[in-house]
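Have a look at the structure below, then the notes.
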Amino acid sequence: MGRFLKRLWTRLNSAQIGVLSFALACLLGGVVLSFPIASETEPLRFLDAVFTATSATCVTGLIVVDTPTRFSFFGEAAILVLIQAGGSGIMMFSTMILFVMKRRASINVRDAVGGSFLKLRRYSLRELLKLTLLMTVLFEGAGAAILFLRWWPEYGAGRALWLAVFHSVSAFCNAGFSLFSDSLVRWADDPIVNAVVMSLIVAGGIGFFVVTDLWDTIRRHPDPARRRVCFHTKIVLGMTAVLIVAPAILIFLLERGATLASCGTSGAAMRALFQSVTARTAGFNTVDIGAMSNASLFLIACLMFVGAAPGSTGGGIKVTALGVVLIVVYSRFKRMGSISIFGRSISRGNLERAVVLILLAGALVCVVTFLLLATEPTDAPHSEFLDILFESVSAFGTVGLSTGVTPNLSDLGRLIVILTMFTGRVGPLVLVYAIGSRAAERSYRYPEEQIMIG
């Protein structure tokens, strides 16, 4: 049996290692959360336990039971471990286990870890792992320290420390799990909590590669005039800024006379900014999502579909995929000879991967929405279409925002959402590669033909 497993492990490619690691974590997490010790009341149904474990491992945040009232301290701790493992990456975690066991990581594992970070050849696998863990500890530690000082007067040292650690890890990993039943609505007017959570979400969402590049640039060039970040970092930071500022303004305008009507201008602005930041991947909320207008919900759904950056703790199609498509549109309007921006050209391979990823993601959301519409009962025809679509995009983008549909899903609906969260976290391209055969690339090309488009 051991020889068979060893042979099977060596034959797995990097994508298959990642898929199996995530699947195993979800199942084991479900088993742990179904234990009586994990619940405050009666033990959780296994399906609900697997749903919660998958949501935590895939750093989604969708819940079918109220986390703070249903789970015991043991259950909350198990969820926190799953969030940390999923956020840091099961592939990286597996490699760390190999180092602890003093085994040499195989080429497959090196590819699995390095591929998520655009093959940072400057660092060895060991150095990259140490740097990633160091950044995780520093960000989460700093966030937890500030939240602890903020909550200490109200909850006491012990409870404040647990709340601070849990929410810091959940925010940095873009998980959206909260130990408050109303998420962070009660802290909507608190600038410290808002600033810390938003900073952690952005830091986790831009990706380890961008943080590493920024750190290297600052360290190697003390003079700001000589600092030059790489092309990938420019795209990620540019797209992140646009996808935070523009939606925040739109949410403020759309909700000023609705969910934000009772707030002052500064309070409404802070809520709009927070919801814009958290919408792309984190899942926390400081306003009632179910009470927002249809226009705001559709806008947030678009943000959830886009998601965070590659190599980050977030999901979605990634801001770079959208950036590449927008650069193509920009280049065509400018009648450029190549797809370029910032003095650099986009390769054909990048364009193909972006298009395939967007199409696969769109197809998945459409299929999931159709299945939920077909399986979930509604009070009236067409009454919950936007809610179901919102839920589907949230599950795919591993965001966790919901209009209230999740707890009312049937068992079949919950299973569909579980599979969607898993697929959204692993990624359409990685999943297709993991289950596909290794086909050799053709060394020849067929003659090109023209077809009519538009």
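Using the working numbering, read the sequence shown as starting at 1096 and increasing by one per residue.
Every residue gets a Cβ at the ideal spot worked out from N, C-alpha and C, and that includes glycine.
- A straight-line Cα-Cα distance of about 53 Å links Phe1326 and Glu1137.
- Across the structure, Glu1350 and Arg1221 are spaced so that their CA atoms are roughly 48 Å apart.
- Burial state of Arg1165 is buried, judged by a 10 Å Cβ sphere holding 16 or more other Cβ atoms.
- With respect to Ala1259, Leu1242 sits close: the two C-beta atoms are nearer than 8 Å.
- The secondary-structure analysis by DSSP pairs Phe1166 across a beta bridge with Ser1134.
- For the pair Ser1487 and Thr1515, the CB atoms are nearer than the 8 Å cut-off.
- The beta carbon of Leu1484 is closer than 6 Å to those of Thr1464 in its chain, skipping five residues each way along the sequence.
- By the neighbour-count criterion, in which a residue is buried when 16 or more other Cβ atoms sit within 10 angstroms of its Cβ, Thr1501 is buried.
- Within its own chain, the residues whose Cβ lies closer than 6 Å to the Cβ of Leu1295, once the five positions on either side in sequence are excluded, are Gly1238, Ala1266 and Phe1267, listed in chain order.
- The beta carbons of Ser1273 and Thr1381 sit no closer together than 8 Å.
- Nearest in C-alpha terms to Leu1496, of all of Arg1430, Thr1376 and Ile1412, is Thr1376.
- Between the C-alpha atoms of Ser1391 and Glu1543 there is a straight-line separation of about 44 Å.
- Buried is the label assigned to Trp1282, since at least 16 other Cβ atoms lie within 10 Å of its Cβ.
- At a Cβ-Cβ threshold of 8 Å, Arg1520 and Phe1117 count as neighbours.
- When the Cα atoms are used, Ile1511 and Ser1278 turn out to be separated by approximately 24 Å.
- The DSSP-derived three-state label of Ser1273 is coil.
- For Ala1353, the CB contacts under 6 Å within the same chain, skipping 5 residues up- and downstream, are Ser1388 in chain order.
- In this structure, Ala1367 lies away from Ala1416, with their beta-carbon atoms at least 8 Å apart.
- Note on geometry: alpha-carbon atoms of Val1494 and Gly1156 lie some 6 Å from one another.
- Exposure of Ile1344 is indicated by the presence of fewer than 16 other C-beta atoms within 10 angstroms of its C-beta.
- Judged by DSSP in its simplified three-state form, Arg1439 adopts strand.
- Distances from the alpha-carbon of Met1293 to those of Glu1235, Phe1168, Ala1396 and Arg1439 put Glu1235 closest.
- Relative to Leu1223, the option among Ala1458, Ala1363 and Thr1307 whose CA is nearest is Thr1307.
- Within the same chain, and ignoring the five residues on either side of Glu1479 in sequence, the residues whose Cβ sits closer than 6 Å to its Cβ are Thr1473.
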